[in-house]
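There are 2 protein chains.
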Amino acid sequence: MKVIESVAEMEAGRAGMAGSVGLVPTMGFLHEGHLSLVRRARAGNEHVVVSIFVNPTQFGPGEDYDRYPRDADRDLQLLEAAGADFVFMPRHWREMYPPGFDDWVEVRGPLVLRLEGAARPGHFRGVTTVVARLFRIVRPHRAYFGQKDAQQVRVIRQMVREQGLPVEIVPMPTVREPDGLAMSSRNVYLSPEERQSALVLPRALELARKMVLEWGLRDADLVRESLEDYLRQKPQVQVEYISIADEETLEELHHSIERPALVLLAARVGATRLIDNTLLVPEGVEVPEGLHQIIEDIKAGMREHGGTGP
Amino acid sequence: MKVIESVAEMEAGRAGMAGSVGLVPTMGFLHEGHLSLVRRARAGNEHVVVSIFVNPTQFGPGEDYDRYPRDADRDLQLLEAAGADFVFMPRHWREMYPPGFDDWVEVRGPLVLRLEGAARPGHFRGVTTVVARLFRIVRPHRAYFGQKDAQQVRVIRQMVREQGLPVEIVPMPTVREPDGLAMSSRNVYLSPEERQSALVLPRALELARKMVLEWGLRDADLVRESLEDYLRQKPQVQVEYISIADEETLEELHHSIERPALVLLAARVGATRLIDNTLLVPEGVEVPEGLHQIIEDIKAGMREHGGTGP
């Protein structure tokens, strides 16, 4: 495994690769979610590049850029074991944003204005900019992202489409802790009590799944209000948003769920902001090509993590 | 076991009883629900009287008085086995309503105006009249009623209070078929397909129990709407009402459930009208004296009948 710290070296390294290249963009402090992306990239490509870059432009003022957790030694060990060929970890953010940088890549429209886009102004502009830049440097055939950042996956897809980049975006299911909490590098911020309180997020998602998939309810407003009612009982958790949205456009759904839908949550537990989501495909709703495997994965994941309620 | 067919004989029979008397008023075509009342009466009294009388005054025009199922031979065998001492089965309705009868017993107020009272005008007037008359003939110390007719139990309690009758009203938990359907003499009207469709009633109650007791939701409107949404998906079932009401007064609850509540359903499956209900006592809500055993019984019953959803 080769560790590369400059753009020039990465471009040179890429020039020497024949066959398909898979890229896993990360901000480091890797967990099993990241490693599942690396392993999938490993299985589907001749070369696997993992980038580790805590991208300053996607953090807002007052966010946790300064204290975002870092552990390069551990990350490299994990990546070696997971089968990465190249780890691209720019030694300084100036590598990615050289003086005079003005190559902002931005998508517009409702997709970036809602949810994370509304809660974190400028966030997606930073994400699309750094991902586009990584794509131009690494020129991957495929890039792997976790569904935990469901909106990010869709924003990046729109960016790739608009920029005409020849990269296949491969979303992978959220990996969860044994008790159901979605893995996140930010979970390290949680105190033991907060860690326990945070479980209401996957449990709220499980409630939505029960209502729609088990009980056959179809009223999105009702499911959203039920999640509000559920989370209202948990004073340790400050809800930022509860969304039941079209799986593709993330437009908010009301009344009858007749298309695959995402339930998306953002909440603060203490000082830590967490997000989570799940995909709902009600019985009788046509499943678009490409969602089948994701649905199976989610079912398996939810089963594994109990999912019989709080 | 003595079978008595006239009021005069019943009064004479009663005069010969020393010690406590338990009465189980029924309309015959007995099922396990009735028998559980008889067995409880047997365990708690020196004498057990069961009345079998299809009371015409509690049926409305167009209701099923004419075709209400009857099977006296089987009923008597079952009652003998359950330990009844006296079966009072007036040979004609004129026994109970002699010429010139004008002894109507009626309770007033919100309790009789809602739900069954609204759906079946005059029904409770017929019930309170016949029960009061039975109480005056049999002079029981205790009378046993099934919680399946939850509103009836409360109406009879009000009647007993207002009339100053010295009878303890003992409500007993609804007995269910193995698949969860509440036992009812009217279940015999259901075709095999309707019988299957009817299961959405106990399942809807189970949904309410999950939302409130398992997930901790407290918004009665939300639970009611969820049941509406659930039952709306079942075109075989025409809902008459879905009520989430104060356990005691049956006043409709909105927003926060902070008292024991009943969920009450009435629906038509084909031509057959069915009712069912369950008691909800959310965590943290004070349980009035007398409900403890009922709550335990319901829990046991729901567990027994699966209750893991549809």
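Residue numbers (the working numbering), protein chains in the order written: chain B, 391 to 700; chain Z, 391 to 700. No residue lacks a Cβ here, since even glycine has one placed at the ideal position from N, Cα and C. Computed from a predicted structure; not experimentally measured.
Closest Cβ-Cβ distance between G606 of chain B and chain Z: below 8 Å? If you number the first sequence from 1, residue 606 of chain B lands on position 216. Yes, G606 of chain B counts as interfacial toward chain Z.
Query - alpha helix (DSSP H) segments (min. 4 residues) lying fully within the stretch 393–427 of chain Z - result: Here the runs fully enclosed are 397–405.
**Sub-8 Å separation of H421 of chain Z and V414 of chain Z beta-carbons** = As a first step, residue 421 of chain Z is located in the second sequence; it is residue number 31 there, counting from the start. As a first step, residue 414 of chain Z is located in the second sequence; it is residue number 24 there, counting from the start. No, these two residues do not count as a Cβ contact at 8 Å.
| task | Taking only beta-carbon positions, decide if Y620 of chain Z is within less than 8 Å of chain B. | result | Working through the second sequence from its first residue, we reach residue 620 of chain Z at position 230. Yes, Y620 of chain Z lies at the interface with chain B (some Cβ there is under 8 Å from its Cβ).
Measure the alpha-carbon distance for M704 of chain Z versus E453 of chain Z and round it to whole angstroms. A query on residue 704 of chain Z cannot be resolved here, the shown segment of chain Z reaching from 391 to 700 and no further.
Closer than 8 Å, Cβ to any Cβ of chain Z: which residues of the stretch 652–675 of chain B, in chain order? Contact annotation: in the stretch 652–675 of chain B, no residue has its CB less than 8 Å from a CB in chain Z.
- Task: Have a look at Z:F449, Z:A657, Z:I394 and flag the residue whose alpha-carbon is nearest the alpha-carbon of G512 of chain Z.
- Result: As a position in the second sequence, residue 512 of chain Z is number 122, starting the count at 1. Checked all of Z:F449, Z:A657, Z:I394; the closest Cα to G512 of chain Z is Z:F449.
* To do: Could you tell me the boundaries of the beta strand (DSSP E) in which P561 of chain B lies?
  => What you label residue 561 of chain B is simply residue 171 of the first sequence in a count that begins at 1. Here the beta strand (DSSP E) through P561 of chain B covers 558–562.
TODO: Could you tell me whether any Cβ in chain B is nearer than 8 Å to the Cβ of Q586 of chain Z?
DONE: Translated into the one-based positions of the second sequence, residue 586 of chain Z becomes position 196. Not an interface residue.
Just confirm the distance between the C-beta atoms of V578 of chain B and V545 of chain B, as a whole number of angstroms; I'd bet it's less than 8 Å.
As a first step, residue 578 of chain B is located in the first sequence; it is residue number 188 there, counting from the start. As a first step, residue 545 of chain B is located in the first sequence; it is residue number 155 there, counting from the start. Actually they do not touch by this definition, with Cβ atoms about 25 Å apart.
* What are the residues of the stretch 559–584 of chain Z that lie near chain C, defined by any Cβ-Cβ distance shorter than 9 Å? -> Here chain C cannot be found, since the structure's protein chains are B and Z.
**Prompt:** How about E648 of chain Z: is its C-beta nearer than 8 Å to some C-beta of chain B?
**Reply:** Translated into positions along the second sequence, residue 648 of chain Z becomes position 258. At a cut-off of 8 Å between beta-carbon atoms, E648 of chain Z makes no contact with chain B.
Cα-Cα, which of Z:Y534, Z:I527, Z:Y631 is closest to A398 of chain Z? Position 8 of the second sequence, counted from the start, is the residue given in the question as residue 398 of chain Z. Out of Z:Y534, Z:I527, Z:Y631, Z:I527 has the C-alpha closest to the C-alpha of A398 of chain Z.
Touch check for the stretch 598–613 of chain Z and the stretch 639–653 of chain Z: three-plus C-beta pairs under 8 Å?
A contact exists between the stretch 598–613 of chain Z and the stretch 639–653 of chain Z.
Discussion item. Under 8 Å, Cβ to Cβ, is there at least one residue of chain B near M486 of chain Z?
Written reply: Translated into the one-based positions of the second sequence, residue 486 of chain Z becomes position 96. With a threshold of 8 Å between beta carbons, M486 of chain Z makes no contact with chain B.
TODO: Could you give the DSSP three-state label for K689 of chain B: helix, strand or coil?
DONE: Here residue 689 of chain B refers to the residue found at position 299 of the first sequence. It is helical.
Original post:
What in chain B is Cβ-close to L597 of chain Z, meaning under 7 Å?
Top reply: On the second sequence, position 207 is the one that residue 597 of chain Z refers to. Neighbours of L597 of chain Z on chain B, chain order: W605.
Give me the Cβ distance between M391 of chain B and D475 of chain B, rounded to the nearest whole Å; I'm assuming they're in contact under 8 Å. By 1-based counting over the first sequence, the position of residue 391 of chain B is 1. By 1-based counting over the first sequence, the position of residue 475 of chain B is 85. About 6 Å; that satisfies the 8 Å criterion.
Own chain partners of A540 of chain Z with C-beta closer than 7 Å, once the 5 adjacent residues on each side are dropped: By one-based count along the second sequence, residue 540 of chain Z stands at place 150. Leaving aside the five residues that flank A540 of chain Z on each side, the residues in its chain whose CB is nearer than 7 Å to its CB run, in chain order, L652, L654, N667.
### Message
Threshold first: 4 residues or longer. Then list the alpha helix (DSSP H) segments lying entirely within the stretch 617–699 of chain Z, N to C.
### Response
Unbroken alpha helix (DSSP H) runs of no fewer than 4 residues, entirely contained in the stretch 617–699 of chain Z, are found at 682–694, following chain order.
Against Q626 of chain Z, what residues of chain B qualify as contacts under a CB-to-CB distance less than 8 Å, listed in chain order? Mapped onto the second sequence, residue 626 of chain Z falls at position 236. Proximity of chain B to Q626 of chain Z at the Cβ level (cut-off 8 Å) is not reached, the minimal Cβ distance being about 14 Å.
(Q) Taking 8 Å as the cut-off, does the stretch 581–589 of chain B touch the stretch 639–647 of chain B (at least 3 CB pairs, one atom from each stretch)? (A) The stretch 639–647 of chain B vs the stretch 581–589 of chain B: no contact.
Item to complete: For chain Z, find out if any of its Cβ atoms is closer than 8 Å to the Cβ of G697 of chain B; answer yes or no.
Response: By one-based count along the first sequence, residue 697 of chain B stands at place 307. The predicted position of G697 of chain B is uncertain, since its pLDDT is 46 and thus under 50; a value taken from the coordinates is nonetheless stated next. Not a single CB atom of chain Z sits nearer than 8 Å to the CB of G697 of chain B.
- Task: Indicate the three-state DSSP secondary structure (helix, strand or coil) for H482 of chain B in the structure shown.
- Result: Taking the first sequence and counting its residues from 1, the one referred to as residue 482 of chain B is at position 92. H482 of chain B: coil per DSSP, three-state reduction.
Inset, instruction - Apply the 10 Å Cβ neighbour rule to L503 of chain B and answer buried if 16 or more other Cβ atoms are within range, or exposed otherwise. - result: Stepping through the first sequence from its first residue, residue 503 of chain B is reached at position 113. Exposure of L503 of chain B is indicated by the presence of fewer than 16 other C-beta atoms within 10 angstroms of its C-beta.
So what's H513 of chain Z in DSSP terms, helix, strand or just coil? Here residue 513 of chain Z corresponds to residue number 123 of the second sequence, with the count starting at 1. Here H513 of chain Z sits in helix by DSSP.
Cβ atoms of A657 of chain Z and V613 of chain Z: under 8 Å apart, would you say? Residue mapping note: residue 613 of chain Z aligns to position 223 of the second sequence, counting from 1. Residue mapping note: residue 657 of chain Z aligns to position 267 of the second sequence, counting from 1. No; because the gap between Cβ atoms is not below 8 Å, this pair is not in contact.
**Study point:** Residue-level contact to chain Z via CB, Q623 of chain B, 8 Å cutoff
**Key:** Counted from its first residue, the first sequence places residue 623 of chain B at position 233. Yes, Q623 of chain B lies at the interface with chain Z (some Cβ there is under 8 Å from its Cβ).
Residues of chain Z with CB closer than 9 Å to the CB of D609 of chain B, please, in chain order. Here the question's residue 609 of chain B lines up with position 219 in the first sequence. Against D609 of chain B, the close residues of chain Z are E615, S616, E618, D619, R622, in the order they occur along the chain (beta-carbon pairs closer than 9 Å).
Worksheet item: Under three-state DSSP, which class holds S441 of chain Z?
Response: Counting from one through the second sequence, the residue named residue 441 of chain Z turns up at place 51. S441 of chain Z falls in the strand class under three-state DSSP.
ask   = With a Cβ-Cβ cutoff of 8 Å, do E673 of chain Z and G606 of chain Z count as a contact?
value = Taking the first residue of the second sequence as position 1, residue 673 of chain Z is located at position 283. Taking the first residue of the second sequence as position 1, residue 606 of chain Z is located at position 216. For E673 of chain Z and G606 of chain Z, yes; Cβs fall inside 8 Å.
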